[in-house]
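Asker: With mature numbering (1 follows the signal peptide of the UniProt record, and there is no 0) applied, the sequence shown corresponds to residues -22 to -1, 1 to 519, in that order.
The beta-carbon is built from N, C-alpha and C at its ideal position, and this holds for glycine as well.
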Amino acid sequence: MAKTNLLVSLIFVLSLLCSSTADDPYRFFTWNVTYGDIWPLGVKQQGILINGQFPGPQIEAVTNDNLIINVYNSLPEPFLISWNGLLQRKNSWQDGVYGTNCPISPGNNFTYILQVKDQIGSYFYFPSLAFHKAAGGFGGIRILSRPLIPVPFDPPTGDFTLLVGDWYKANHTDLKTTLDNGQMLPFPDSLLINGRGWNGNTFTVQQGKTYRFRISNVGLMNCVNIRFQGHTMLLVEVEGSHTLQNTYSALDVCLGQSYSVLVTANQPPRDYYIVSSTRFTNPVLTTTAILHYSNSAGKPIDPPPGGPTIQIDWSLNQARSIRWNLTASGPRPNPQGSYHYGLINTSRTIRLANSAGSINGKQRYAVNSVSFNPPDTPIKVADYYKIGGVFSLGSIPDNPTFGGMYLQTSVMEANFRDYVEIVFENYEDVVQSWHIDGYAFWVVGMDGGQWLPASRNSYNLRDAVSRCTVQVYPKSWSAIYMPLDNVGMWNIRSENWARQYLGQQFYLRVYSPANSWRDEYPIPKNALLCGKASGRKTRPL
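Below you can see the structure in the form of structure tokens.
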């Protein structure tokens, strides 16, 4: 079966290459996904490895590159990989979440065909099925600007990735069983940086040189704060947007978010701590890595620098300080600020409120009172083949109901080229983090208390940062503007993975009646089919 799938994949890729008129380069990856023993906290665990690595291999690309990623599933259960922040223009078929893709069954493979069209910046990939994210299988993605496109800072001497997040000593299967039994997860055991615990990573720098650090929160439950002992961070990029270059001594990174900072090795030559600690938690989890000067004269001076803990206003003010650099070029020669998002009238307001509660005696989470219930057939596949009984359009309301929670395969309908305002309302006492697949959006406002129409008076309609993941503080709201310019079936979810797993997500169906390749690519020739779509035909090879 594996040889047959390999042959099909090769034929598919060759046909793609032969039929393509694009001049953009192709980058090929072959990944084998396996279980393996890992000891990130000194306790043996069952980890998910990609080509034997934990974390997985880094993806290096340039704007408009085509990525051909052939994933072999050598696990004993189904598997999918999703791409946190890659826009996948016109191509939700490659999103890698269960609402759009059938899983890769054990012993088989699937070839993802992605183009990082008009994108730059820092992102990551992760396993999206079951509770696999708690076992690893994640890795960094770097998309560099094309050589002729100016970048608003001098080229750094080096480029490092920091994959930071909370971690459990328990196997992911035990954590999944806890959730399946209707219980909440305990507090995590520690934090990891690039899959290792305390002082497990060393980043070597030369005195006087400047380095780029791409920081992604790949964790399960908590925001983290990052500090470089004795050094400051110059923020230059957030999820594909060049930012105003503010200097920070400590930087909050919430679940699913990615930041790029420049750090200059301008201190006396010795080793220094890179510190990560949880935010808004009691107790506070902390871990460290080492910033090692090549001419180091000694070990770091203890203790590692402390950071903010539960101060929400501090974090809120920092988040508001992150602005778009309107004079910088993006992935194309035109400036980032050439699209005047604040001068366009929105055609629809969608208010989304998260909630927690019990359904049938088990812990669940919801959006506008609807707790997502995964169907037996991916929604995108059912929509393409017009298979009834899988989902209903309009099965989640545009506004909070504040009523009892209920299970539903929730899909919101929307029209291609609409321009929408989405307000995330958090009435709970914990920080929320929201991600929208297939889209970047402008974070126009956030504040404490309840959102009201008058809250629009405080919106930033000039230089709000464009990104794909936004935090919402306790008893607070965050508002975004988003053009619906990407046809498809797109996942809107909590980045708190227990909440996502237990229902705090839904799908946005952005529809174009044209049924044209101009608006959306057709079903891939190598698409996997399952559930009620089993046995159907895709396009001929």
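1) Over the uninterrupted beta strand (DSSP E) stretch that includes Y499, give me the two end residues.
2) Alpha carbon to alpha carbon, how far is T266 from T(-2)? Give it in angstroms, no decimals.
3) Within this structure, are the beta carbons of E391 and L371 separated by less than 7 Å?
4) What number of angstroms, rounded off, separates the C-alpha of S454 from the C-alpha of M424?
5) Specify the secondary structure class of Q235 as computed by DSSP and reduced to three states.
6) Compare the beta carbon distance of G85 and P33 with 7 Å and say whether it is the shorter of the two.
7) Report yes if the C-beta distance between Q97 and I121 is below 7 Å; otherwise report no.
8) State buried or exposed for G197, treating a residue as buried only when at least 16 other CB atoms are found within 10 Å of its CB.
9) Tell me the DSSP secondary structure of T151 in three-state form.
10) Would H318 be called buried (16 or more neighbouring beta carbons within 10 Å of its own) or exposed?
11) Is the beta carbon of I357 less than 7 Å from the beta carbon of M467?
12) Does the beta-carbon of S333 have 16 or more other beta-carbons within 10 angstroms, so that it is buried, or is it exposed?
13) Note down, in chain order, each residue of its chain lying with its Cβ closer than 6 Å to the Cβ of D441, except the 5 sequence neighbours on either side.
14) If contacts are defined as beta-carbon pairs under 8 Å, then R329 and P378 qualify, I think. What distance do you get, rounded to the angstrom?
15) Return the CA-CA distance between Q289 and G426, expressed in angstroms with no decimal places.
16) Cutting at 8 Å between CB atoms, please list the residues of its own chain near S436, excluding the five before and the five after it.
17) May I ask you to report which of helix, strand or coil DSSP gives L53?
18) DSSP three-state call for T(-2): helix, strand or coil?
19) Can you check whether the CB of Y146 is closer than 7 Å to the CB of N87?
20) Report back the beta-carbon spacing between C80 and L486 to the nearest angstrom; my notes put them in contact at under 8 Å.
21) Just how far apart, CA to CA, sit A476 and L126?
22) Considering just the uninterrupted stretch of the alpha helix (DSSP H) at I26, what are its terminal residues?
Answerer: To lay it out plainly:
1) For Y499, there is no enclosing beta strand (DSSP E), as DSSP marks it with neither H nor E.
2) With a pLDDT of 38 at T(-2), under the threshold of 50, the modelled position of that residue is not reliable, and the figure given next carries that caveat. Cα atoms of T(-2) and T266: separation of roughly 48 Å, rounded to the nearest angstrom.
3) yes
4) 7 Å
5) coil
6) no
7) Their beta carbons are under 7 Å apart, which means Q97 touches I121 by this criterion.
8) Residue burial is scored here from C-beta neighbours: G197 has at least 16 other C-beta atoms within 10 angstroms and is therefore classed as buried.
9) helix
10) exposed
11) Contact: yes.
12) buried
13) R301, W302, L304
14) 6 Å
15) 13 Å
16) G423, D425
17) In the structure shown, L53 adopts coil according to DSSP, grouped into three states.
18) Residue placement at T(-2) is flagged as unreliable, the pLDDT there being 38, under the threshold of 50; the coordinate-derived value follows with that caveat. Looking at T(-2) - three-state DSSP - the assignment turns out to be coil, as it is neither helix nor strand.
19) no
20) Actually they do not touch by this definition, with Cβ atoms about 20 Å apart.
21) 43 Å
22) It is not in any alpha helix (DSSP H) - I26 instead sits in the beta strand (DSSP E) that spans 23 to 28.
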